[in-house]
Amino acid sequence: MDGPVAAVASSRAPGAGPGRRSPFRALREAAATRPRGTVGLLVLPAVVFLLVFYAFPLLRLLLVSLEAPRWSLTHYGDFFTEPAYLKILTRTFRVSLTVTLCCLVLGYPTAYVLSRVSGRRRRFLLLLVIVPYLTSFLVRTYAWMVLLGPKGIINSLLLKAGLIDTPLKLLYSAIGVHVGMVHVLLPLMILPLYSVMVGIDRTLPRAAQTLGAGPLRTFFRVFLPLSLPGVRSGCVLVFLIALGFYITPAMLGGLRDSMIAMLIESQITQLVNWGFAATAAVVLLAVTLGGFSLVGRMSGMTLLVASEAAGQTAPAVTWDGTAGGQRREKRPWMPRLMRLAPVAAVGRRLDEVMSAWRRRRWARLQGLEARGDGRGPAALDLYAGAVFFFLILPTFVVVPISLSAGDFLAFPPPGLSLKWYASYFSQPPWLHATLLSFQVAVVTMLASTVLGTLAAYGVLRGRLRRRTLVVSLMISPIIVPPIVIGVAIYGLLAQWNLIGRFLGLVIGHAIGSIAYVMVIVSATLAGFDRSLERAAMSLGAGPLLTFRRVTFPLIRAGVLSGAVFAFIHSFDEVIITMFISGVHVQTLPLKMWEDIRNQIDPTIAAVSSMLILLPVAWLVVLEVVHGVQRATTHAGAADQA
Amino acid sequence: MRRQTGTLTSLLGVALLGLAAGSLVVAPQGAVGQDKGKVVVQIGGGDWADANFEAYVAPFEKETGIKVVAVRDWMSIAKLKLMVESKKVELDVADIPRLHYLSAVKANYLEKIDYGIYSKAELSRIDDLSKQAYGVGAAYFSYVMAFDNEKFPAGKRPTTWAEFWDAKKFPGPRTLRAGVYGTGAYEEALLADGVPMDKLYPMDIDRAFKSLDKIRPHVTTWWKEGAEGQQLFADKVVTLGDVFNGRIGNLQKKGMPLDIEWNQGKLQLDYWVIPKGAPNPQNAQKFIEFATRAKRQGAFSELIPYGPTNIAAFEYIKPETAKQLPTYPANLKKQFHRNEDWYAEAGPGGKSNLELIIERWNRWTVQ
């Protein structure tokens, strides 16, 4: 089964487990048909960038925590013998676990309903998941402050209804932290779950029922096991990202609700204890990366193969390499890439909403089948409806607040006025911050889209040594907590005099943005029919011409999705920015973050309301570009459908 | 095909245009006032920053032609250390509480004040505590008890910290200052526990935290920056609190039904300082000299009720404003001065009491 090339490839990547053979086989296949060594070099710009500004600073962080060159474990001793810090560590775990479970409980039935409804309704419901996901998390967390406060909307309504006498302690408590985190992370659970569920062959549950299984038995014995890859990838992503949370617990939590990222921040901003902060950061990093690779090694099962890339109507899901496994073999997915496939799935969702036409027929078919199964009890729909309401509610609650005529946050607003919008437009600091954020985000987007796309192409089409390592380097910033990156690159940027400089901000933001572009573009590249490239080459087109005339037009939607993510990542970034922005420079999220702490007047609500329009604007941009593509390229995507 | 390329190119073009336009908007900022130079001043946050801007920044620019870059943020001893030790000082002037001033002097983070540029008349009216080698007093302010009048009308409100701690007699959500910067309601906790006002120092830290344990369940949230404490009252999230007098004063001006109690107030002093290695030290000296003139300080006190360090400022302050200032004689005698020298002293193990109390706070919060 394993040819010599695969064996060599495996030995080059020591971590390669049994389930990761097929990508290498695909590579071998590719190498056999089109030998080209130079394409791999396309990863170089991204790799060099990340080695200098990401890997090297992380290594330095480790050295600082070990007090190199004196070498001592004092900081680690201090960390693990101080009950307060251990308490914070265990609390971080507990909160992340609870949040993950809540997301699963809320997300699973919702994703199920989502995967069963028909075309137009599905499109609408997907938007309800995607718009909150693309909305600034500062805005969403701020909305929860408005909702949960002692004088907030929820308490006001309960008091008015006479259900309670004194306001419930929702804000500044563990409840607030959990609600806020679940809301921020829920889309990252629903989307991968949905991706897997939509790909489950509907004839399987039906077959089970034909053979006499009841609906419950069918669900537990057939559907649930088939959906487990989605459960796993959703849970891993939510859990790992939750571990590094900082802003949400800081805004919504009480004194006791500290998480480890807050400990790191306070060690630096209160005590300037870099050694100890580095130690806490290394602990957090180790826990995150450890958890990531542990889950990846548990079995040969791939976490998720969101392989509905580029026009495939039926996503293939592997379960221990059986269902859909054959099809997967043709796709040179990188094993580590697969573990982050949910991110790609999110990118694909963007596309999907825009290109429902592709799926409409199939979806209608599924909708019919859903009815045929006799599924979709009203209770389930109601449950999912409640979840959608939960997802979308905070996003729009800031709008009435922003129109308040009062001087302070109040609900219902004492009167309507546009004065807080006027307040925003009349204050130069707000305008400068907004402008700066746009500039940084645009430059970050352009740079990381180029680097990330080249890298994705190089990884998937070139022959590379240490491919797994290269891919890990490029996509790990998605799960490495931003506070760790912020602490790590501060020293390097300070040395190079880049603190508080435009270039410094772009560098800090591009680390994460490249990862998003890489994952999303790879998903698109991996999915499209490479015989088209081969055909072009056999007709005499060189690699460049082939890329320009065949490959790029086909992956352009993916590249644009990647660019949108790169933009949003930069435009939304606050934690890394906090460390590297220096004294003079203030991005929009930073300004919002400082204002939320300093003076919570409804100007923030006005800014937030305007920011909600941003994802909508992005969807329109994608729609337009997609429309152009639809009109012009029938050859690739459409014909595969 | 051609059409697509067109779309992409135009997208790119729009992006680049936006950038170009952006840099046009941003560029002139740095170019202003090149001849006279500039000075970068950190002016704090919220009402304090607004008052600083109106009373000092704008008039200083007008009089001297020196461009002031006002940074709305707070200085902490940690930020100062970070800046000075990494030799990346981007600020010329900041104000820090005496609590941090003493540590900053000890660590040699500050430039010496050039008293040579002060007029004799002004200098003689600045009080002695404010005339330090490395800093000039900016304003006196107090942590005071504040109430929501609707919940606690006169006569039915706590007047001592012991009563404030009594949640049975005076129920209601409270706020106290968080201990993140070494500040915290430690003195108040000791007073609540029966320690007399003149026997607070040296502080019994254990006893203070034990006393804080008792009030903790009744504290809705612990504020970090002055504006946050103010916001909690403005939003009626709390009805009782320990906050800066000026922040409540400004809410009263807006007509909010709030009151403060001067009894057992904690008085303290902020200094204007120049971080070591500041890029425009001469302009920094000029700015501080300007900001400690009697007339300017008088204007400042009218904007936010904090006490001037230049006694002559009272000549420019309206009588009804003067009564609201923490240094007004009738108010002054009810309060105590925070003993910052105790905080700066080294405790067991060589760390200062300030550092020890921050570490203790961090441990206490997760209990």
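First to last, the protein sequences are chains A and B. Heads up: the first sequence at position 357 corresponds to 364 in the numbering used here, and the numbers run straight through without jumps. Heads up: the second sequence at position 338 corresponds to 340 in the numbering used here, and the numbers run straight through without jumps. Here a beta-carbon is modelled for each residue, glycine too, at the ideal position from N, C-alpha and C. Keep in mind the model is a prediction, meaning the values are calculated, not measured.
- Excluding sequence positions up to five before and after B/ASP97, its CB lies within less than 6 Å of the CB of ALA140, ASP272 and TRP274, all in the same chain and listed in chain order.
- In this structure A/ASN504 is exposed. Its beta-carbon is surrounded by fewer than 16 other beta-carbon atoms within 10 angstroms.
- Counting every other CB atom within 10 Å of its CB across the protein chains shown gives A/TRP78 a total below 16, marking it as exposed.
- Non-local beta-carbon contacts of A/LEU247 in its own chain, meaning distances under 7 Å to residues more than five positions away in sequence, involve THR295, GLY298, PHE299 and ILE486 in chain order.
- Using a Cβ-Cβ cut-off of 7 Å, A/ILE95 is close to VAL368 of chain B, given in chain order.
- By the 16-neighbour rule on beta-carbons within 10 angstroms, A/GLY169 is exposed.
- Counting along the chain, the unbroken alpha helix (DSSP H) around A/TYR119 starts and ends at 90-123.
- Contact between the stretch 426-443 of chain A and the stretch 591-610 of chain A is present: 3 or more CB-CB pairs across the two stretches fall below 8 Å.
- Under the DSSP definition of a beta bridge, B/VAL146 partners with B/VAL245.
- In the three-state reduction of the DSSP assignment, B/GLU263 falls in the strand class, which pools E and B.
- Three or more Cβ pairs closer than 8 Å define a contact, and the stretch 113-120 of chain A meets that threshold against the stretch 390-400 of chain A.
- Remark: C-beta atoms of B/GLN134 and B/LEU93 do not approach each other more closely than 7 Å.
- Chain B places no beta carbon closer than 7 Å to that of A/THR441, leaving this residue out of the contacts.
- In the three-state reduction of the DSSP assignment, B/TYR111 falls in the coil class, being assigned neither a helical nor a strand state.
- Under a criterion of Cβ atoms nearer than 8 Å, the residues of chain A adjacent to B/ILE360 are, in order, GLN277 and LEU278.
- Interface with chain B (7 Å Cβ-Cβ cutoff): A/SER265 is included.
- Looking at the DSSP output, B/ILE98 sits in a beta bridge with B/TYR273.
- Residue pairing from DSSP leaves B/TRP366 without any beta-bridge partner.
- Judged by beta-carbon spacing, B/ALA148 lies within the 7 Å limit of B/GLY243, meaning their Cβ atoms are closer than that value.
- For A/PRO401, no chain B residue has a Cβ inside 9 Å of its Cβ, as the nearest lies near 18 Å away.
- Unbroken alpha helix (DSSP H) runs of no fewer than 4 residues, entirely contained in the stretch 205-264 of chain A, are found at 210-217, 222-225, 231-250 and 254-259, following chain order.
- Beta-bridge annotation (DSSP): B/HIS339 is paired with B/LEU269.
- Here the C-alpha atom of A/ASP388 lies approximately 14 Å from the C-alpha atom of A/SER125.
- The C-beta of B/GLN287 has 16 or more other C-beta atoms within 10 Å across all chains shown, which makes the residue buried.
- Boundaries for A/GLN434: no alpha helix (DSSP H) harbours it, and the DSSP string shows neither H nor E there.
- Comparing alpha-carbon positions, the option among A/LYS158, A/SER180 and A/ALA624 lying closest to A/ILE171 turns out to be A/LYS158.
- In this structure, the beta-carbon distance from B/THR162 to B/GLN266 falls below 7 Å.
- Residue environment: B/LEU260 is assigned as buried (16 or more neighbouring CB atoms within 10 Å of its CB, all protein chains considered).
- Closest in alpha carbon position to A/VAL478, among A/VAL153, A/TYR523 and A/GLN434, is A/TYR523.
- Membership of B/GLN233 in any beta strand (DSSP E) is not indicated; the residue belongs instead to the alpha helix (DSSP H) covering 228-236.
- Annotation note: the stretch 420-484 of chain A contains the following uninterrupted alpha helix (DSSP H) runs of length 4 or greater, listed N- to C-terminal: 426-433, 435-468 and 474-482.
- Apart from sequence neighbours up to five positions away, the residues of its chain that approach A/LEU425 with a beta-carbon distance below 8 Å are LEU410, ordered along the chain.
- In this structure, B/VAL368 lies near A/SER265, with their beta-carbon atoms less than 7 Å apart.
- In this structure, A/VAL289 keeps its C-beta atom at 7 Å or more from the C-beta atom of A/SER577.
- In the structure shown, B/ARG176 falls within a strand segment according to DSSP collapsed to helix, strand and coil.
- Residue contact check for B/GLU227 against chain A: a CB pair falls below 7 Å.
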